[in-house]
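Engineer:
Numbering (this note's numbering), first residue to last: 182 to 379.
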């Protein structure tokens with residue numbers, strides 16, 4: 182897919198193609214009782230003619246993944262009703278983007294984290310520039326990273342771990358002084374390689 186745009190019309194065409202690709206592919210759905218349901222938002226934007234994704238840097242106050250780069254999102258609450266509502270609520274609570282500003286494009290694969298979370302991935306688009314209002318208890322900073330970094334596999338290194346008998350590759354990317362690694366890097370790499378790459 183073309184990740185650069187001459188106009189908003191080009192970006193609109195990209196979003197339509199992305200929606201079709203997500204609709205056509207078989208989304209990996211996992212059933213893992215005992216894991217806490219949660220959801221993240223892969224929020225795409227046309228930033229100065231380039232496809233970018235919004236990522237946040239977590240504070241040192243949060244319970245897990247302190248200081249790490251992550252997607253907007255969080256854990257399911259019974260009041261949400263469904264996991265799609267979870268990702269919209271959490272996105273608003275963390276970065277201040279209301280649901281009406283997010284163009285829902287589709288669903289990507291489910292993941293399991295080492296911290297016991299079952300993560301549902303949603304894909305959406307936001308305008309750029311976008312007005313963010315960060316929850317200062319949870320979010321320390323943010324970065325709008327180009328997806329071309331993950332399509333080209335422009336990582337700095339890969340580390341190998343064994344988790345419950347499975348070998349896991351952990352990608353480490355560096356962009357604009359931020360290190361993107363762990364499950365965030367895995368999701369972006371998988372998304373870029375299986376959906377965006379021709």
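Built from N, CA and C at the ideal position, the CB exists for glycine as well.
My guess is that residue 250 and residue 375 are in contact by the Cβ rule of under 8 Å, so how many angstroms apart are they, rounded?
Structural biologist: With a Cβ gap of about 21 Å, residue 250 and residue 375 do not count as contacting.
Engineer: Let me make sure I understand the geometry here. Which of 294, 277, 218 and 230 has the alpha-carbon closest to that of residue 259?
Structural biologist: Checking every option, the nearest Cα to that of residue 259 belongs to 218.
Engineer: With distances taken from CA atoms, which of 209, 213 and 235 is nearest residue 361?
Structural biologist: Minimum Cα distance to residue 361 is reached at 235.
Engineer: Pull up the distance between the alpha-carbon of residue 227 and that of residue 348, whole angstroms please.
Structural biologist: Those two C-alpha atoms are separated by around 35 Å.
Engineer: So residue 305 and residue 224 are in contact, right, with Cβ under 8 Å, and what is the actual spacing, rounded?
Structural biologist: Right, their Cβ atoms sit about 5 Å apart.
Engineer: Hey, out of 207, 293, 257 and 287, whose CA is closest to residue 380's CA?
Structural biologist: Examination of residue 380 is not possible in this model, given that the chain is present from 182 through 379 alone.
Engineer: With a Cβ-Cβ cutoff of 7 Å, do residue 336 and residue 309 count as a contact?
Structural biologist: It is not a contact, given that the beta carbons lie outside the stated cut-off.
Engineer: Out of curiosity, what's the CA-to-CA distance linking residue 346 and residue 269?
Structural biologist: Cα to Cα, residue 346 sits roughly 35 Å from residue 269.
Engineer: So the alpha helix (DSSP H) residue 368 belongs to, where does it begin and stop?
Structural biologist: Taken as a continuous stretch (DSSP letters only), the alpha helix (DSSP H) holding residue 368 covers 363-372.
Engineer: From residue 261 to residue 215, what does the alpha carbon distance come to, in whole angstroms?
Structural biologist: Looking at the two C-alpha atoms, the distance is approximately 19 Å.
Engineer: Could you tell me the distance, in whole angstroms, from the CA atom of residue 316 to the CA atom of residue 238?
Structural biologist: Roughly 11 Å separates the two Cα atoms.
Engineer: Distance, Cα to Cα, residue 232 vs residue 334?
Structural biologist: Taking the straight line joining both Cα atoms gives about 16 Å.
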